[in-house]
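Protein chains in written order, with this note's numbering: chain U, 482 to 845; chain W, 41 to 170. Here is the structure we will look at.
Rendered as structure tokens:
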């Protein structure tokens with residue numbers, strides 16, 4: 482009993498250190514990567530190859546003056562960064578990092594808790610993440626943060642729907658909400674991304690929009706809304722919003738790895754290495770998207786969520802369900818083909834609409 | 041205590057997270073100077089003096105987006121148990137699961153199309169006043 486509590490305490494400390502430690506690593510990687518994409522050097526002065534840059538930035542923010550606007554709602558103003566950071570870190574409670582190992586005679590799984598509703602827990606926490614943003618913007622009692630927070634919240638909330646619907650596809654196939662169960666299903670069968678490529682792409686798009694990352698970062702864009710909901714924040718509370726954003730990126734990429742890319746499965750290397758490799762590959766894609774695409778206009782990306790991604794995700798789920806009804810032995814090729822059929826149908830429809838629009842314009 | 045052990049672990053982890061975050065904010069409040077001047081305490085409005093506070097009416101389209109999210113997310117919640125038991129449904133009777141859920145989805149799609157035609161999805165995000 483005591484050993485189990487000790488093991489649990491060690492696991493909690495490890496996960497907290499992992500998440501808090503990933504934030505400076507990601508900040509550094511992002512700055513270096515984007516600099517590379519833009520053909521310039523990133524930070525290169527502060528440590529060898531600039532590796533101490535995020536630590537220097539964190540220290541600077543820690544020691545900066547903590548300005549609280551005079552007419553801000555004081556209690557909510559202080560609680561909002563915590564409310565933003567807590568859900569992003571708490572998502573790690575269900576994510577499986579690796580296969581069970583033997584420690585001191587106990588079989589210990591490399592995860593904190595194997596909830597049998599793990600995926601639902603993840604969705605619930607991503608919905609809770611909206612609170613921190615709204616509270617931060619509202620309590621600042623200033624127009625830019627208010628508008629930024631409302632737009633950011635509307636965006637996050639709109640993209641949560643397609644996110645949840647795309648996760649229904651893997652659920653149909655695996656039949657369990659438990660994250661460990663999903664990984665084990667993928668180890669016995671095949672990676673879910675092979676059967677649900679459309680759902681994976683939609684999930685990544687929605688994940689980028691959920692975390693307010695470019696090209697969906699209009700609510701944080703400097704040229705539009707100063708700094709959005711964290712305009713009035715300074716010092717460490719600002720750093721916490723920043724950390725919350727990067728922690729959310731790591732969380733949602735970890736969820737994508739677990740659900741679609743097979744979690745810890747892989748041939749030769751130890752399982753946790755595979756998990757980290759896949760995690761960093763997805764995070765690289767996030768940063769690649771940021772470096773490549775211009776920012777979407779606000780009404781465009783709201784329309785993208787409601788009018789394009791949501792119907793597409795629902796169609797993909799129902800096609801998967803239909804394919805599973807067929808009296809043929811189940812094969813990933815069939816399910817993937819059904820998914821690809823959805824994309825083909827939508828592209829065809831879009832092309833037809835454009836052709837029609839062009840005809841109408843030429844006539845008039 | 042052993043009944044719902046994973047949930048207990050999640051609770052402990054949640055408390056630990058909030059404690060760590062709160063502790064960091066508290067410690068950071070100890071460091072750092074505190075020299076409030078009149079200029080620093082005013083809300084930021086790009087260098088000009090702010091007029092009024094932010095407790096003004098903001099566009100109702102944000103409220104609409106919230107309501108739409110509520111409706112469709114409740115729909116998604118009904119999809120989740122269906123998806124989990126779907127394999128058993130298929131074994132018992134081939135198309136029953138799809139058709140039944142399809143009817144449910146169809147009823148909601150009618151609502152969705154109605155909202156689309158009424159313009160809640162265009163105006164809610166039109167960049168006119170905001």
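For each residue, glycine too, the CB sits at the ideal point set by N, CA and C.
Review point. Is it true that the segment 522–538 of chain U meets the segment 687–702 of chain U, where meeting means three or more beta-carbon pairs spaced less than 8 Å apart?
Key: no
**Study point:** Reference residue 484 of chain U; option with closest CA among U:547, U:584, U:538, U:629
**Key:** Against the first chain, residue 484 of chain U aligns to sequence position 3. Taking only the C-alpha atoms, the option nearest residue 484 of chain U is U:584.
Review point. At a CB-CB cut-off below 8 Å, which residues of chain U make contact with residue 145 of chain W?
Key: By one-based count along the second chain, residue 145 of chain W stands at place 105. 795, 799, listed in chain order.
Practice item. Look up residue 588 of chain U in the DSSP assignment and give the residues it is bridged to. Key: Residue 588 of chain U sits at position 107 when you count from the first residue of the first chain. U:583, per the DSSP bridge assignment.
Review point. Going by the CB atoms, is the gap between residue 500 of chain U and residue 577 of chain U shorter than 8 Å?
Key: One-based indexing of the first chain puts residue 577 of chain U at position 96. One-based indexing of the first chain puts residue 500 of chain U at position 19. Against a cut-off of 8 Å, the Cβ pair of residue 500 of chain U and residue 577 of chain U comes out as no contact.
Check your understanding: Which residues mark the beginning and the end of the alpha helix (DSSP H) in which residue 523 of chain U is found?
Key -> Numbered from 1 along the first chain, position 42 holds the residue referred to as residue 523 of chain U. It is not in any alpha helix (DSSP H) - residue 523 of chain U carries neither H nor E in the DSSP assignment.
Exercise for review: Could you have a look at residue 714 of chain U and say whether DSSP puts it in helix, strand or coil?
Suggested key: Within the first chain, numbered from 1, the residue matching residue 714 of chain U stands at position 233. DSSP places residue 714 of chain U in coil when its eight states are reduced to three.
Point to revise | C-beta neighbour in chain W for residue 787 of chain U, strict 8 Å | key: To locate residue 787 of chain U, count along the first chain from 1; it is residue 306. True, the Cβ-Cβ gap to chain W drops below 8 Å.
Review point. Is residue 568 of chain U buried or exposed, if buried means 16 or more other CB atoms sit within 10 Å of its CB?
Key: Indexing the first chain from 1 puts residue 568 of chain U at position 87. Its Cβ being crowded by 16 or more others within 10 Å, residue 568 of chain U is buried.
Review point. Helix, strand or coil for residue 77 of chain W per DSSP?
Key: Taking the first residue of the second chain as position 1, residue 77 of chain W is located at position 37. Three-state DSSP puts residue 77 of chain W in coil, outside helix and strand.
Exercise for review: Answer with buried or exposed for residue 718 of chain U, where buried requires no fewer than 16 other C-beta atoms within 10 angstroms of its C-beta.
Suggested key: Against the first chain, residue 718 of chain U aligns to sequence position 237. It is buried - the Cβ of residue 718 of chain U has at least 16 other Cβ atoms within 10 Å.
Exercise for review: Give the residues from the segment 58–74 of chain W that approach chain U closer than 8 Å (Cβ to any Cβ), ordered along the chain.
Suggested key: 58, 60, 61, 62, 64, 65, 68, 69, 71, 72, 73, 74
Review point. So, are the CB atoms of residue 627 of chain U and residue 651 of chain U less than 8 Å apart?
Key: Position 146 of the first chain, counted from the first residue, corresponds to residue 627 of chain U. Position 170 of the first chain, counted from the first residue, corresponds to residue 651 of chain U. Against a cut-off of 8 Å, the Cβ pair of residue 651 of chain U and residue 627 of chain U comes out as no contact.
**Study point:** Three or more C-beta pairs below 8 Å linking the segment 718–735 of chain U and the segment 603–623 of chain U
**Key:** yes
Exercise for review: Give the range of the alpha helix (DSSP H) segment to which residue 670 of chain U is assigned.
Suggested key: Position 189 of the first chain holds residue 670 of chain U. First-last for residue 670 of chain U: undefined, no H or E at that position.
Exercise for review: Would you mind reading off the limits of the alpha helix (DSSP H) that contains residue 475 of chain U?
Suggested key: Any property of residue 475 of chain U remains undetermined from this structure, which presents chain U solely from 482 to 845.
Check your understanding: Using 8 Å as the limit for Cβ to Cβ distance, is residue 562 of chain U near chain W?
Key -> As a working note, residue 562 of chain U is residue 81 in the first chain. Yes - at least one Cβ of chain W is within 8 Å of the one on residue 562 of chain U.
Practice item. Let me know the secondary structure DSSP gives residue 698 of chain U once reduced to three states. Key: In the first chain, counting from the first residue as 1, residue 698 of chain U sits at position 217. Here residue 698 of chain U sits in coil by DSSP.
Review point. Taking one C-beta from the segment 726–745 of chain U and one from the segment 504–518 of chain U each time, how about it: are there three or more such pairs within less than 8 Å?
Key: yes
Exercise for review: Identify whether residue 169 of chain W lies in helix, strand or coil by the three-state DSSP scheme.
Suggested key: Taking the first residue of the second chain as 1, we reach residue 169 of chain W at position 129. With a pLDDT of 45 at residue 169 of chain W, under the threshold of 50, the modelled position of this residue cannot be trusted; read the value that follows with caution. Note: residue 169 of chain W maps to coil in three-state DSSP.
Check your understanding: What is the residue span of the alpha helix (DSSP H) that residue 691 of chain U lies within?
Key -> Against the first chain, residue 691 of chain U aligns to sequence position 210. Note, residue 691 of chain U: alpha helix (DSSP H), 678–691.
Practice item. Buried or exposed for residue 641 of chain U, please, with buried defined as at least 16 other CB atoms from any protein chain shown within 10 angstroms of its CB. Key: Against the first chain, residue 641 of chain U aligns to sequence position 160. That one is buried.
Check your understanding: If you run the structure through DSSP and keep just helix, strand and coil, what is residue 44 of chain W?
Key -> Mapped onto the second chain, residue 44 of chain W falls at position 4. Note: residue 44 of chain W maps to coil in three-state DSSP.
Review point. Which residues of chain C have a Cβ atom closer than 8 Å to the Cβ of residue 638 of chain U, listed in chain order?
Key: The structure shown contains no chain C; its protein chains are U and W.
Practice item. Keeping to the same chain, check which residues put their C-beta closer than 7 Å to that of residue 787 of chain U; ignore five residues upstream and five downstream. Key: Within the first chain, numbered from 1, the residue matching residue 787 of chain U stands at position 306. Same-chain partners within the cutoff: 639.
Exercise for review: Give me the Cβ distance between residue 893 of chain U and residue 746 of chain U, rounded to the nearest whole Å; I'm assuming they're in contact under 8 Å.
Suggested key: The question about residue 893 of chain U has no answer here: the residues shown for chain U are numbered 482 through 845.
Practice item. Using a Cβ cut-off of 8 Å (strictly closer), state whether residue 718 of chain U contacts chain W. Key: Numbered from its first residue, the first chain carries residue 718 of chain U at position 237. Closer than 8 Å: yes.
Practice item. Apply the 10 Å Cβ neighbour rule to residue 41 of chain W and answer buried if 16 or more other Cβ atoms are within range, or exposed otherwise. Key: Residue 41 of chain W sits at position 1 when you count from the first residue of the second chain. Residue placement at residue 41 of chain W is poorly supported in this model, since its pLDDT is 49, which falls under 50; the coordinates still yield a value, given next. Result: exposed.
Exercise for review: Write down the C-beta distance between residue 732 of chain U and residue 572 of chain U rounded to the nearest angstrom, noting that I regard them as a contact closer than 8 Å.
Suggested key: Translated into positions along the first chain, residue 732 of chain U becomes position 251. Translated into positions along the first chain, residue 572 of chain U becomes position 91. Correct: roughly 4 Å between the Cβ atoms.
**Study point:** Reduced DSSP category for residue 739 of chain U - H, G, I as helix; E, B as strand; rest coil
**Key:** The residue labelled residue 739 of chain U in the question sits at position 258 within the first chain. It is helical.
Check your understanding: Helix, strand or coil for residue 553 of chain U per DSSP?
Key -> As a working note, residue 553 of chain U is residue 72 in the first chain. Looking at residue 553 of chain U - three-state DSSP - the assignment turns out to be coil, as it is neither helix nor strand.
Check your understanding: Using CA coordinates, which residue listed in U:591, U:637, U:589 is at the minimum distance from residue 606 of chain U?
Key -> Position 125 of the first chain holds residue 606 of chain U. Out of U:591, U:637, U:589, U:637 has the C-alpha closest to the C-alpha of residue 606 of chain U.
**Study point:** Reduced DSSP category for residue 844 of chain U - H, G, I as helix; E, B as strand; rest coil
**Key:** One-based indexing of the first chain puts residue 844 of chain U at position 363. Helix.
Review point. Apart from the five residues on each side of it in sequence, which residues of its chain come closer than 8 Å, Cβ to Cβ, to residue 497 of chain U?
Key: Position 16 of the first chain holds residue 497 of chain U. Cβ within range, chain order: 570.
**Study point:** DSSP three-state assignment for residue 745 of chain U, whether helix, strand or coil
**Key:** The residue given as residue 745 of chain U occupies position 264 in the first chain. Coil.
Review point. Which residues bound the alpha helix (DSSP H) around residue 128 of chain W?
Key: As a working note, residue 128 of chain W is residue 88 in the second chain. From DSSP, the alpha helix (DSSP H) with residue 128 of chain W extends over 126–132.
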